[in-house]
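Counting in this note's numbering, the sequence shown runs from 655 upward without gaps.
We put the CB at the ideal spot given by N, CA and C, even for glycine.
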Amino acid sequence: MSKKSAIITGIVIALAVIALIVFNRLTSKKYQDTLFVEALKGDFEISISAAGELLAERSTDIFGPEIVQQGRDIRANNLRIQDLVPEGTEVKEGDYIAQLDRTEFENTLKDERERLATNLNTLEMRILDTAVQLTALRDEIRNQRHAVEEAEITLKNSKYEPPTTIRQAEIDLDKQQRLLEQKERSYVLRVAQAENQIRNQRLIVSRLERRVKDYEEVLAGFTVRAPAAGMVTYKKDRRGTKIKTGSTINPFERVIATLPDLSSMLSKIYVSEIEISKVKPGQEVQIKVDAFPEKAYKGVVLSAANIGEKLPNSDSKVFEVMIKLEGSDFTLRPSMTTDNKIIVKTIKDVVYIPAECVHTNPDGIHFVYTKNHTKQVVIPGDANDKNIVIEKGLKPGTQVYLVTPEDGDTFRLTGKDILESAE
């Protein structure tokens, strides 16, 4: 290596060492600066934050056909949505919304119509057969009455005949009278039997006519139309999945979609069982909508559920809270994601620091590590998710450690007198 190269190499190494020293000092200073925070004084806000989603306070449900109805003789099966207008479609009253799969119901209707036609034919044939049979029976009765009259005449003309002849005439008359009574009784029984058969057949026909009519009415509802003007919003099923083309709807829960009233919106959130006791109706809420990050909305807590529930993939219980947005903004849409901050409490003009700055010794005394190497005793107050109020022990502007310093054991404990005054 030449002398010139050695000089250049030495200069490069020297510059690298200097740069490393400067970098270490700068980063060390930056790290030291991040070790401390300043005790602040001002209004302290206790809040609960939770993500949620928008929904309309009022909405008009769009229903599928009413299958389960008193008096209807129809089997209640799930209905498949064959076609559904896109979510967000603006519609007027009477506009097309959806088409349900008609296949199963049309096949059943076809079968019922065939059964009805068969039973109508049976009824007509039964009426005709009955008429023919009763006519024949009436003819037999009429002929038998003639036979009785002839027997009466024979008996009357035999009064001058021998006793045996008269007796035979009496026997013949009695026989013909009994035959007449028998035929009359048979006729009455046959009429009652025919009336009962025809009545039963009429009931079968009536029931089939009602079933055909019911299926026709239900099928008319398979083409779903808007009950009012508005914007179509898909309904969610019990699992929280939106109903869409190809979904099935339960005949007992017939809602396919809704027409939300966008003039009044709610934000639905879930609050943990630990924090729900802090939530009260009427509390102020600050709301942000992910779709419009530049906008801020105000609202109030409308209601908080009394009974908790478990969300999917979670073991802890949460409580549903409804928040009403103030004013109207017609750019908002149901199901938009929201960020909600419920203002539980605002404390005026207090000193506060990050909650991680406060430590507790074995005696239960709360303290903070200050920049002037003391462990300052403090009396903490209310806290939120980030900061804690210091009721006594710190002045605004005091620099305190964010984390326990390495030489924290050497710090002197000061300010125990505030404990006595607190008592």
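Let me make sure I understand the geometry here. Which of 927, 982, 817 has the alpha-carbon closest to that of residue 968?
For residue 968, the closest C-alpha among the options 927, 982, 817 is that of 927.
Whose C-beta lies closer than 6 angstroms to the C-beta of residue 990 among residues of the same chain, with five residues either side of it excluded?
Closer than 6 angstroms at the Cβ level, and outside the excluded window around residue 990, lie 708, 943, 945.
In three-state terms, what does DSSP make of residue 818?
The answer is helix: DSSP assigns residue 818 an H, G or I state.
Residue(s) in a DSSP beta bridge with residue 926
Paired residue(s): 972.
Which residue or residues does DSSP assign as beta-bridge partners of residue 846?
None; residue 846 has no bridge partner.
Leaving out five residues on either side along the sequence, give the residues of the same chain with a beta carbon under 8 angstroms from the beta carbon of residue 773.
Once the five neighbours on either side are set aside, the close Cβ partners of residue 773 are 855, 858, 859, 862.
With a cut-off of 8 angstroms on the beta carbons, I'd call residue 886 and residue 745 a contact; round off their distance for me.
Rounded, the Cβ-Cβ distance is 6 angstroms, consistent with contact.
Whole angstroms are fine: how far does the CA of residue 842 sit from the CA of residue 731?
Going by the C-alpha atoms only, they are around 48 angstroms apart.
With residue 754 and residue 876 assumed to form a contact (beta carbons below 8 angstroms), what rounded beta-carbon distance in angstroms separates them?
Indeed, because the Cβ distance is near 4 angstroms, the residues count as touching under 8 angstroms.
Can you tell me whether residue 825 is buried or exposed, with buried defined as 16 or more other CB within 10 angstroms of its CB?
Classification of residue 825: exposed, given that the 10 Å Cβ count is below 16.
Can you determine whether any heavy atom of the ligand GTP sits closer than 7 angstroms to the C-beta of residue 782, and answer yes or no?
Ligands displayed in this structure: none; no statement on the ligand GTP is therefore possible.
Beta-carbon gap between residue 935 and residue 921 smaller than 8 angstroms
Taking 8 angstroms as the Cβ cut-off, residue 935 and residue 921 do not qualify as a contacting pair.
So which of 1026, 814, 1002 has the shortest CA-CA distance to residue 1061?
Proximity to residue 1061 across 1026, 814, 1002 peaks at 1026, based on C-alpha coordinates.
Determine the DSSP secondary structure at residue 761, reduced to helix, strand or coil.
In the structure shown, residue 761 sits in a helix (DSSP, three-state: H, G or I).
Quick check on the burial criterion: 16 or more other C-beta atoms within 10 angstroms. Buried or exposed for residue 836?
Counting Cβ neighbours within 10 Å, residue 836 comes out exposed, since fewer than 16 surround it.
Kindly indicate which three-state DSSP category residue 1031 falls into: helix, strand or coil?
In this structure, DSSP gives residue 1031 an extended state, which the three-state scheme calls strand.
CB-CB under 7 angstroms to residue 955, same chain, minus the five flanking residues each way: which ones, in chain order?
Around residue 955: 933, 934, 935, 936, 937, 939, 975, 977, 996.
Identify whether residue 754 lies in helix, strand or coil by the three-state DSSP scheme.
Assigned with DSSP and collapsed to three states, residue 754 falls in strand.
For residue 701, which residues of its own chain have a beta-carbon under 7 angstroms away from its beta-carbon, when the five flanking residues on both sides are left out?
So the list reads 995, 996, 997, 998, 1038, once near-sequence residues are dropped.
Which value, in whole angstroms, describes the spacing of the CA atoms of residue 1073 and residue 960?
Distance between the alpha carbons of residue 1073 and residue 960 is about 40 angstroms.
Per DSSP, residue 692 forms a beta bridge with which residues?
1053, per the DSSP bridge assignment.
I need the straight-line Cα distance from residue 838 to residue 866, nearest angstrom please.
The alpha-carbon atoms of residue 838 and residue 866 are separated by roughly 42 angstroms.
Residue of 910, 751, 737 minimising C-alpha distance to residue 743:
Closest option to residue 743, judged by alpha-carbon separation, among 910, 751, 737: 751.
Buried or exposed for residue 1030, please, with buried defined as at least 16 other CB atoms from any protein chain shown within 10 angstroms of its CB.
With 16 or more other Cβ atoms within 10 Å, it is buried.
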